[in-house]
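K.L.:
Just dropping this structure here.
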Amino acid sequence: TRTPVNVTVTGAAGQIGYALLFRIASGHLLGADVPVKLRLLEIPQGMKAAEGTAMELDDCAFPLLRGIDIFDDPNKGFEGANVALLVGARPRTKGMERGDLLSANGGIFKPQGAAINAHAADDIKVLVVGNPANTNALIAQAAAPDVPAERFTAMTRLDHNRAISQLAARTGAAVTDIKRLTIWGNHSATQYPDIFHAEIAGKNAAEVVNDEQWLAETFIPTVAKRGAAIIEARGASSAASAANAALDHVHTWVNGTAAGDWTSMGVPSDGSYGVPEGIISSFPVTTKDGKYEIVQGLDINEFSRARIDASVAELVEERDAVRELGLI
Ligand code: NAI
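Each residue of the sequence shown is one higher than the one before, starting from 2 at the first, in the UniProt record's numbering.
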């Protein structure tokens, strides 16, 4: 029998946590044959609600779930973690400046990075979901010098999935016919969903669509502003779709991309495509045996170049701001 994988989830009592934990326990994070132990990390005010969620998890009698522990101390929460999903974050509230937002999140992600450095398992894989996800991931990574930098990733899979769905709706294709879509840059309104290398049933997606105005004025803003549209419609931010994307991100990282396809992940740049080394930016990546590689050699046209550069410039500003604040 396999040893259970330790999965730490922060923000476990939040709305994404609620949509995420039951599916982790039923095998959707790692695979239907991989037992898991859950380590829920909350702040003291969230402990009671997390205990309630743990009771419900017990009540499901999930065959793969081998234990649930709840903590409000990151040093305990990350002990022995093989996978860490950093969901809990400080949201932007009305009138909050970017510097305030970054420093509030620095207060969360810096100690969590340090706790991962000190206590996680050697094979730790980290996914940051809590916003601003890319820069929070950078803060955590900088606080974990003994962990290989590439183990810290940020979630752009929700944007990736949204883009696939929008492209399928426009072209009448099945989502499963769409391959090689890319989200570049920051998980923010500046992100760039790129269909120039994407394929729809084997044909170039940009050629199938053949409508640059739709790309610029409808597709890109619809994907980039989908989060706001969900809040407007639902009265609450995306939760089940965000949880689903987090499962997809880790499942793909661990189990590999299909031949001929790739996915999008926010990962530390190695300088590819002119993205400054070290910032955590979304790229096209292939994965195999628990490792990912940035897809190399793609031709970047002018339309794409301008949009990638704009989103990367925003990430560089965020990096400079957290550097200024002493968070990295
Ligand atoms: P929520 O407010 O419902 O839950 C957040 C939970 O985190 C709360 O239970 C809170 O007590 C907990 N928390 C706060 N600080 C913590 C800490 N230091 N340690 C442990 N837990 C802590 O928020 P929701 O809707 O679950 O969203 C979580 C985050 O995910 C937000 O930052 C949101 O912006 C982000 N998000 C990211 C997406 C992406 O595509 N990357 C998509 C959707 C949401």
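Where a beta carbon is used, it is the ideal one built from N, C-alpha and C, also for glycine.
(1) Which partner residues of residue 136 appear in the DSSP bridge assignment?
(2) Select from 52, 30 and 27 the residue whose C-alpha is nearest the C-alpha of residue 14.
(3) From the DSSP secondary-structure annotation, give me the bridge partner or partners of residue 126.
(4) Distance check for residue 326 and residue 100, CA to CA, integer angstroms please.
(5) Measure the alpha-carbon distance for residue 330 versus residue 24 and round it to whole angstroms.
(6) Are residue 263 and residue 209 closer than 8 Å when you measure CB to CB?
(7) For ligand 1, any of its heavy atoms closer than 7 Å to the Cβ of residue 159?
(8) Is the separation between the beta-carbon of residue 143 and that of residue 155 shorter than 8 Å?
(9) Quick one, are the C-beta atoms of residue 178 and residue 201 less than 8 Å apart?
(10) Does residue 109 pass the burial test, meaning 16 or more other C-beta atoms within 10 Å, or should it be called exposed?
(11) In this structure, how does DSSP classify residue 265 when only helix, strand and coil are distinguished?
(12) Per DSSP, what kind of secondary structure is residue 166 in: helix, strand or coil?
(13) List the whole-angstrom C-beta distance separating residue 125 from residue 152, where the pair is believed to meet the contact cut-off of C-beta under 8 Å.
(14) I'd like to know if the segment 71–79 and the segment 38–51 are in contact, where contact means that at least 3 CB-CB pairs between them fall below 8 Å.
(15) May I ask you to report which of helix, strand or coil DSSP gives residue 103?
(16) Quick check: the segment 308–317 against the segment 165–180, are there 3 or more CB pairs under 8 Å?
(17) Taking only the alpha-carbon atoms, compute the straight-line gap between residue 107 and residue 261 and give it to the nearest angstrom.
(18) Can you tell me whether DSSP reads residue 285 as helix, strand or coil?
(19) Alpha carbon to alpha carbon, how far is residue 159 from residue 141? Give it in angstroms, no decimals.
(20) Less than 6 Å between C-beta atoms, sequence neighbours within five positions excluded: which residues of the same chain meet that for residue 157?
(21) Under the rule that 16 or more other beta-carbon atoms within 10 Å means buried, what is residue 113, buried or exposed?
(22) Considering only their Cβ atoms, is the gap separating residue 161 from residue 181 smaller than 8 Å?
(23) Which residues in the same chain as residue 17 place their Cβ atom closer than 7 Å to its Cβ, once the five residues preceding and following it in sequence are excluded?
(24) Is there at least one Cβ from chain D nearer than 8 Å to residue 71's Cβ?
(25) Is residue 195 helix, strand or coil by DSSP?
P.N.:
So, from the data block:
(1) Along the sequence shown, one-based indexing puts residue 136 at 135. For residue 136, which the question treats as bridged, DSSP gives no partner whatsoever.
(2) Numbered from its first residue, the sequence shown carries residue 14 at position 13. It is 52.
(3) Within the sequence shown, residue 126 is the residue found at index 125, counting from 1. In DSSP, residue 126 forms a bridge with 84.
(4) Taking the first residue of the sequence shown as position 1, residue 100 is located at position 99. Taking the first residue of the sequence shown as position 1, residue 326 is located at position 325. For residue 100 and residue 326, the distance between alpha carbons rounds to 8 Å.
(5) Since the first residue of the chain shown is 2 and the last is 329, residue 330 is not available in this structure.
(6) Position 262 of the sequence shown, counting from 1, holds the residue named residue 263. Position 208 of the sequence shown, counting from 1, holds the residue named residue 209. No, the Cβ-Cβ distance between residue 263 and residue 209 is not below 8 Å.
(7) As a first step, residue 159 is located in the sequence shown; it is residue number 158 there, counting from the start. Checking every heavy atom of ligand 1 against the Cβ of residue 159, one is found closer than 7 Å.
(8) As a first step, residue 143 is located in the sequence shown; it is residue number 142 there, counting from the start. As a first step, residue 155 is located in the sequence shown; it is residue number 154 there, counting from the start. Against a cut-off of 8 Å, the Cβ pair of residue 155 and residue 143 comes out as no contact.
(9) As a position in the sequence shown, residue 178 is number 177, starting the count at 1. As a position in the sequence shown, residue 201 is number 200, starting the count at 1. Residue 178 places its beta carbon less than 8 Å from that of residue 201.
(10) Along the sequence shown, read from residue 1 onward, the residue named residue 109 stands at position 108. The residue in question, residue 109, is buried, as its Cβ has 16 or more Cβ neighbours within 10 Å.
(11) Here residue 265 is taken as the residue at index 264 of the sequence shown, counted from 1. If DSSP states are grouped into helix, strand and coil, residue 265 belongs with the strands.
(12) Residue numbering aside, residue 166 sits at position 165 when the sequence shown is read from its first letter. In the structure shown, residue 166 sits in a helix (DSSP, three-state: H, G or I).
(13) Here residue 125 refers to the residue found at position 124 when the sequence shown is read from its first residue. Here residue 152 refers to the residue found at position 151 when the sequence shown is read from its first residue. Separation of the CB atoms of residue 125 and residue 152 is rounded to 6 Å, and the pair is thereby assigned contact status at 8 Å.
(14) yes
(15) Taking the first residue of the sequence shown as 1, we reach residue 103 at position 102. Here residue 103 sits in helix by DSSP.
(16) no
(17) Numbered from 1 along the sequence shown, position 106 holds the residue referred to as residue 107. Numbered from 1 along the sequence shown, position 260 holds the residue referred to as residue 261. Going from the Cα of residue 107 to the Cα of residue 261 covers about 38 Å.
(18) For this step, residue 285 is matched to residue 284 along the sequence shown. Note: residue 285 maps to strand in three-state DSSP.
(19) Taking the sequence shown and counting its residues from 1, one reaches residue 141 at position 140. Taking the sequence shown and counting its residues from 1, one reaches residue 159 at position 158. So the two alpha carbons sit approximately 21 Å from each other.
(20) Locating residue 157 in the sequence shown gives position 156, where the first residue counts as 1. So the qualifying residues of the chain are 184, 188, 265, 267 and 283.
(21) The residue given as residue 113 occupies position 112 in the sequence shown. Per the 10 Å Cβ criterion, buried.
(22) Within the sequence shown, numbered from 1, the residue matching residue 181 stands at position 180. Within the sequence shown, numbered from 1, the residue matching residue 161 stands at position 160. Against a cut-off of 8 Å, the Cβ pair of residue 161 and residue 181 comes out as no contact.
(23) For the purposes of this step, residue 17 is taken as residue 16 along the sequence shown, with counting starting at 1. Excluding positions up to five away in sequence, the list reads 88, 130, 240, 243 and 244.
(24) Note that chain D does not occur in the displayed structure, where there is just one protein chain.
(25) Counting from one through the sequence shown, the residue named residue 195 turns up at place 194. Correct three-state label for residue 195: strand.
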